[in-house]
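Protein chains in written order, with the working numbering: chain A, 11 to 125; chain B, -8 to 103.
See below:
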């Protein structure tokens, strides 16, 4: 069982470039989410989805887009990368959004550097 | 605003001793609390959770205590092992939405 798979593991972008971070899960989870993790800070929610075709903004959505065309996949798009987006990005999924008895399952992250 | 915080950013513990990691929360409406463990280079991994209608919950070598009077959460790890070295995060969910609020994390260091 692969769980939550994120690609790529590492990425370097120049300011202004665009890219898509991929996330796939094979647990049939309805809820998927993207977090960023910066040194000395907790995880901050970027966007989340409670099912195919449904997305919503989290705490820090600016500069990022998401879509959810299938239950399995939840890509995160950076439209025009900025140095402030240098971070480690985690995708997480669960049956019902981190509610009781439905803990989040995380991928191993994508380390993004924007120069 | 809502926040979840930790008292100590780094905790050093002798191997075999018990570890206690603390967390303060500010939202009295939170009804669910979770502890995650993050090893270097990996994503957070669920350890244990507790609902607000409980004071204590035990797992394998771990116990979570919830004190709603002072809005305090703690994670106790018994007989700490080298494999327990990691950053530990607490998080809370008010239950009204799908957004967890995370603390900044505590790094647990095991001394041989």
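All C-beta atoms in this analysis are idealised placements derived from N, C-alpha and C, irrespective of residue type, glycine included.
Contact set between residue i and chain A, taken where Cβ atoms lie within less than 7 Å
i	result
residue 46 of chain B	Correct list: empty, because the minimum Cβ distance to chain A is about 16 Å.
residue 33 of chain B	118
Same chain only: Cβ atoms within 6 Å of residue i, ignoring 5 sequence neighbours per side
i	result
residue 103 of chain B	6
residue -4 of chain B	Bear in mind that a pLDDT of 49 at residue -4 of chain B, under 50, signals an unreliable position, so the number given afterwards is only what the model happens to contain. Excluding residues within five positions, the ones whose Cβ falls inside 6 Å are 15, 94.
residue 82 of chain B	25, 91, 93
residue 22 of chain A	123
residue 17 of chain A	32
residue 30 of chain B	77
residue 32 of chain B	none
residue 12 of chain B	66, 79, 97
is_contact[residue i, chain A] using C-beta, thresh 7 Å
i	result
residue 52 of chain B	no
residue 74 of chain B	no
Neighbour list for residue i in chain B, Cβ cutoff strictly below 8 Å
i	result
residue 55 of chain A	90, 91
residue 74 of chain A	Chain B residues near residue 74 of chain A: none, gap ~15 Å exceeds 8 Å.
Cross-chain neighbours of residue i in chain B, by beta carbon under 7 Å
i	result
residue 110 of chain A	23, 40, 42
residue 26 of chain A	None at all; the shortest Cβ gap to chain B is about 29 Å.
residue 68 of chain A	90
Proximity below 7 Å, CB of residue i to CB of residue j
i	j	result
residue 38 of chain B	residue 47 of chain B	no
residue 117 of chain A	residue 14 of chain A	yes
residue 85 of chain A	residue 30 of chain A	yes
residue 2 of chain A	residue 28 of chain A	Here chain A has residues from 11 to 125 only, and residue 2 of chain A is not among them.
residue 66 of chain B	residue 55 of chain B	yes
residue 3 of chain B	residue 22 of chain B	no
residue 41 of chain A	residue 60 of chain A	yes
residue 48 of chain A	residue 58 of chain A	no
residue 3 of chain A	residue 78 of chain A	Nothing in the structure corresponds to residue 3 of chain A, since chain A is present only between 11 and 125.
residue 100 of chain B	residue 71 of chain B	no
residue 39 of chain A	residue 94 of chain A	no
residue 125 of chain A	residue 24 of chain A	yes
residue 69 of chain A	residue 55 of chain A	yes
Neighbouring residues, chain D, relative to residue i (Cβ below 8 Å)
i	result
residue 95 of chain B	No chain D is part of this structure, whose protein chains are labelled A and B.
Cutoff 7 Å: residue i Cβ touching any chain B Cβ
i	result
residue 113 of chain A	yes
residue 84 of chain A	no
residue 100 of chain A	yes
Within chain B, partners of residue i - CB distance below 9 Å
i	result
residue 60 of chain A	89
residue 41 of chain A	89
Practice problem: Examine the Cβ distances between the region 98 to 106 of chain A and the region 62 to 72 of chain B and report whether three or more of them are shorter than 8 Å. | Solution: no
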